[in-house]
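First up is the structure itself, then whatever we jot down about it.
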Amino acid sequence: METLDIYYDYASPFAYLASELLPAFAQRLGVTLCWKPIDLMGLSNYADGLPYSQVKRRYVAVDAARSAEFHAVPIRVPKPHPVQSGAALRLAHQVRNDSRFSELHTELFRAAWRDQRDLSSEEVLADCIVAAGGDTDDWLGRARQPEARRAIEAATAEAEAAGVFGVPSMVIRGELFWGLDSLPALEWRLAESRA
């Protein structure tokens, strides 16, 4: 089974929507999802902050809400906004190989974008871990380790080397597909290659 790498940050509404849509997509197309947490603001094109004009920021907010409505995925603007995702990213990276990662991943995204909970809070992270069936003390302890921060920095650099400039970015067979609206082209590419 082929692997689809997905680079994401819990701070992105479009990565949240992708996280809700991709499991069914993967099952339908017979691919394995490999979620790769990165620090969106650590990419070089974000070095000076959001590379968007005020007009584009307004559009992105409207488009995220419209896309959620179109796909029937509940979404609410997180509190605080923008999402402070560093701790959640470190947690996700440290337990990404655990069998309960998928459940944790879903809980983290929904905590921010559905339930308006603060991902910088260890209490919120602990609640997500419990809901996923994980070991709170162990998992939070691993997320606090200095190597967890370095691992996210390294993962972000690896993503940029692979051509990633935003999230969600999906890569299969070395080909990059950026954004929620690239899912139809990704599905077409996979179907075309198997025909």
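Going by numbering that gives the first Met the number 0, the residue at position 45 of the sequence shown is 44; the numbering climbs one at a time, nothing skipped.
Don't be surprised by glycine CBs; every beta carbon is placed ideally from N, CA and C.
Under a three-way DSSP split, which group does Pro-36 fall into? strand
Among all the DSSP beta bridges, which residues are the ones paired with Ser-168? Tyr-6 and Trp-177
Please report the straight-line C-alpha distance between Phe-100 and Val-94, rounded to a whole angstrom. 6 Å
Thinking Ala-63 and Phe-13 are a contact (beta carbons under 8 Å), I'd like their distance in whole angstroms, please. 6 Å
Contact under 8 Å by Cβ, Gln-115 with Lys-78: yes
Distance, Ser-84 Cα to Pro-36 Cα: 10 Å
Verify whether the separation of the beta carbon atoms of Glu-19 and Val-72 is less than 8 Å. yes
Could you have a look at Val-30 and say whether DSSP puts it in helix, strand or coil? strand
Cut-off 6 Å between Cβ atoms - residues of its own chain near Leu-189, not counting five sequence neighbours on either side: Leu-28
Beta-carbon proximity check, Thr-155 vs Gly-41, cutoff 8 Å: yes
Using only CA atoms, which one of Ser-43, Ala-17, Ala-111 and Thr-31 lies nearest to His-70? Ala-17
Could you tell me which of Met-0, Val-170, Ala-67 and Val-30 sits nearest to Trp-112, measuring between CA atoms? Ala-67
Evaluate Trp-138 with the Cβ neighbour count: other Cβ atoms within 10 Å of its Cβ, from every protein chain shown; 16 or more gives buried, anything less gives exposed. buried
Can you tell me whether Tyr-51 is buried or exposed, with buried defined as 16 or more other CB within 10 angstroms of its CB? exposed
Residue range of the unbroken alpha helix (DSSP H) whose run includes Ala-87: 85-93
Could you check the C-alpha separation between Glu-1 and Ala-23 for me, to the nearest Å? 15 Å
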